[in-house]
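Just so you know, the protein sequences line up as chains A and B, in that order.
So that you can map any letter, position 68 of the first sequence is 68 in the numbering used here, and since no number is skipped, the others follow by simple counting.
Every number in the numbering used here is 1000 more than the matching position in the second sequence, counting from 1.
Backbone N, C-alpha and C define an ideal beta-carbon position, used for all residues, glycine too.
2 protein chains.
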Amino acid sequence: MVVAQLDLPEPAALAEFLDEQLRAGDRLVQVFSECEVLYSGRAASVAEAGDYLVMVKQDGSVQVHNYRSVKPVNWQPQTDDIVVGVEDGVAVLRAERFTPSEMVRVAFLAPAMALAVRLSEGGDFVLVGSEAEMQRRLARHPEVVEAGLEVLDRELPTDVGGIDLFARDAAGRLVVVELKRGKASHEAVHQLSRYVESVRRATGEQVRGILAAPSATAPALTQLGNLGLEFRELSALPEVDDGGASQPLLFEAATS
Amino acid sequence: MVVAQLDLPEPAALAEFLDEQLRAGDRLVQVFSECEVLYSGRAASVAEAGDYLVMVKQDGSVQVHNYRSVKPVNWQPQTDDIVVGVEDGVAVLRAERFTPSEMVRVAFLAPAMALAVRLSEGGDFVLVGSEAEMQRRLARHPEVVEAGLEVLDRELPTDVGGIDLFARDAAGRLVVVELKRGKASHEAVHQLSRYVESVRRATGEQVRGILAAPSATAPALTQLGNLGLEFRELSALPEVDDGGASQPLLFEAATS
DNA sequence: ACATGAATATTGGAT
DNA sequence: ATCCAATTTTCATGT
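What follows is the structure, encoded as structure tokens:
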């Protein structure tokens, strides 16, 4: 897995190492070093001399990490061109992206270590609890939202966006359902309100609006009430009820 | 900078290494290994056996990277508790976060290498081209938006959100300005529309709405026209005009 | 702790 | 290529 390693390299040696390992195109390359980082593109930034981990993945994506947080200090998704060289006696990496036009430049002021690693493509990845899944589930079992609900459409496009679930209730009224997998904010209420308004205009019928989410912020609930809309508490990760013989949630998902 | 390294460790040795290095609390720890990763919390996921880079930073944040993309496959911001052990002859790391209640579990099936690194806190970081900066600039130079504009307020709260810039035009009409540092979508138009409506209701006056952004999507522009709102093309990274003696943008920023 | 909103958001999907 | 919407969004900020 670890293809090559270079400890305390001289600038020229580091540049050569990076050039060779990046050119191979099938490895992840890392450098631990005191660095100076410039970024220019959608925005622009300078990170003055400090210790960073610089990582270039197989797809040309670049990330510069510091000692804390999940997010890198500097990054660049899938770059199109990477050039390595020695400038003013310092190894330098320049990664460029064409659309949008962007650039990151890392100067390795005091490299401690460089590493090249091959990571094979890896096995299956299954995620449970997405909004898409929640939508599929409710389309199949609309009674979870409300008894007697009949789903007419999913992702129905309107002039102001797509309606998650479009349905008719037991009394024959049209219903717009907006789903959120996490706590719903007032933005979700505005979204729902727009959809309801749009359907009212288009059909002339009376239209109900339901916000379905595990929870909602207090302002969102207030606003919902003011607009005559409804809230339905619904988890994205439902309790699996299989009569006591409980199965791990992910086993369920993987085999369904 | 590199504190410790362990090549092709046995499970017990890896567990001991991780325990010791993580307990120190002042280093970034990495493991390159074939792994199996479980996540459970806001959602839930399983990554079946595959090669990954697992990184635990000094703040307890965890990220599991595969061979591509900037975003990790699995992650966990600033965890509260990390436990390492050997289970079924395999070294296992379990990181837990309390709010929200979340957990990542990594089983190191075939560890190739483990690394402990100290990254010092690093130097200054300056970013240019944020929306906040754009807002400050326009508040000082509202004529960039429109001649004769007088700014009344910034981040003015309404019942439906905060107005970026609130102003009065040369003709004495109220103006709501919505800023976007990137291409504006129809969501930005809806936002602006809500603000304008809210101010109209509150004041009874006539109110103009201006969307100021470097560009906007075609649907956004159409909608803007339909609602009687205006578009003003404005970059978040303005051309620096200093009479020909052009300076690098970031030098400007760093010294101002 | 909660709510809000920006972000160099990134990423995947649809058109 | 463009547009759109989700995201385990993360993160900083204000209350």
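Using the DSSP secondary-structure output, state which residues sit across from residue i in a beta bridge.
i, result
"M113(A)", "D7(A), F32(A)"
"M55(A)", "Q30(A), Q63(A)"
"L165(A)", "R154(A), V177(A)"
"A91(A)", "V86(A), F108(A)"
"A1170(B)", "DSSP output for A1170(B) lists no bridge partner at all."
"R208(A)", "V175(A)"
"S1040(B)", "A1044(B), M1103(B)"
"L127(A)", "S1045(B)"
DSSP three-state label for residue i, please.
i, result
"A1202(B)", "helix"
"M103(A)", "strand"
"V196(A)", "helix"
"T1158(B)", "strand"
"Q1078(B)", "coil"
"F98(A)", "coil"
"V1189(B)", "helix"
"G182(A)", "coil"
"A254(A)", "Because the pLDDT of A254(A) is 42, which lies under 50, any placement of that residue in the model is unreliable, and the number read from its coordinates should be weighed accordingly. If DSSP states are grouped into helix, strand and coil, A254(A) belongs with the helices."
"R137(A)", "helix"
"A1024(B)", "helix"
"A1015(B)", "helix"
"V73(A)", "coil"
"A220(A)", "helix"
"S246(A)", "A caution first: S246(A) carries a pLDDT of 45, below 50, which makes its placement in the model too unreliable to give a value."
"V1145(B)", "coil"
"G50(A)", "strand"
"A1290(B)", "This structure gives no information on residue 1290(B), because the portion of chain B shown stretches from 1001 to 1256."
"E233(A)", "strand"
"A1132(B)", "helix"
Thinking residue i and residue j are a contact (beta carbons under 8 Å), I'd like their distance in whole angstroms, please.
i, j, result
"V29(A)", "A116(A)", "5 Å"
"A47(A)", "V31(A)", "At roughly 15 Å, the Cβ-Cβ gap does not stay under 8 Å, so A47(A) and V31(A) are not in contact."
"L174(A)", "Q135(A)", "In fact, because the Cβ distance is near 18 Å, the residues do not count as touching under 8 Å."
"V1160(B)", "Y1195(B)", "7 Å"
Could you check which residue in the options has the C-alpha nearest to that of residue i?
i, options, result
"R1154(B)", "R1140(B), E1146(B), L1109(B), V1054(B)", "R1140(B)"
"A1213(B)", "T1158(B), L1234(B), V1177(B), E1036(B)", "L1234(B)"
"R1023(B)", "V1056(B), P1011(B), V1104(B), E1034(B)", "V1056(B)"
"E197(A)", "G228(A), L221(A), K180(A), R168(A)", "G228(A)"
"S193(A)", "A44(A), L221(A), G172(A)", "L221(A)"
"T158(A)", "G122(A), Q191(A), D169(A)", "Q191(A)"
"Q208(A)", "K180(A), G172(A), H186(A)", "What sits at residue 208(A) in the sequence shown is Arg, not Gln. For the residues K180(A), G172(A), H186(A), the minimum Cα distance to R208(A) belongs to G172(A)."
"G41(A)", "Q1058(B), V1128(B), E1034(B)", "V1128(B)"
"V83(A)", "V160(A), E96(A), V64(A)", "E96(A)"
"R1027(B)", "L1165(B), S1130(B), N1066(B), Q1058(B)", "Q1058(B)"
"A1188(B)", "Q1223(B), R1168(B), L1237(B), E1121(B)", "Q1223(B)"
"S101(A)", "D81(A), Q21(A), V177(A), Y52(A)", "D81(A)"
"A1170(B)", "G1182(B), G1148(B), R1105(B), V1176(B)", "G1148(B)"
"C1035(B)", "G1025(B), G1182(B), Q1021(B), Y1052(B)", "Y1052(B)"
"R1068(B)", "G182(A), G25(A), A110(A)", "G25(A)"
"F1166(B)", "R1201(B), I1210(B), G1182(B), H1186(B)", "I1210(B)"
"E146(A)", "M1(A), F231(A), A43(A)", "F231(A)"
"N226(A)", "E16(A), H186(A), A202(A)", "H186(A)"
"G1089(B)", "R1181(B), E1016(B), E1010(B), L1006(B)", "E1010(B)"
"P261(A)", "A1043(B), M1001(B), T1079(B)", "In the structure as shown, chain A starts at 1 and stops at 256, and residue 261(A) therefore has no counterpart that could be examined."
Is the CB-CB distance between residue i and residue j below 8 Å?
i, j, result
"P142(A)", "E133(A)", "no"
"A1114(B)", "L1018(B)", "yes"
"V3(A)", "R137(A)", "no"
"Q76(A)", "V54(A)", "no"
"G1123(B)", "G50(A)", "yes"
"A184(A)", "A216(A)", "yes"
"A1112(B)", "L1008(B)", "yes"
"S1130(B)", "F125(A)", "no"
"N74(A)", "Y39(A)", "yes"
"V177(A)", "V199(A)", "no"
"A12(A)", "V86(A)", "yes"
"R168(A)", "L152(A)", "yes"
"S33(A)", "L93(A)", "no"
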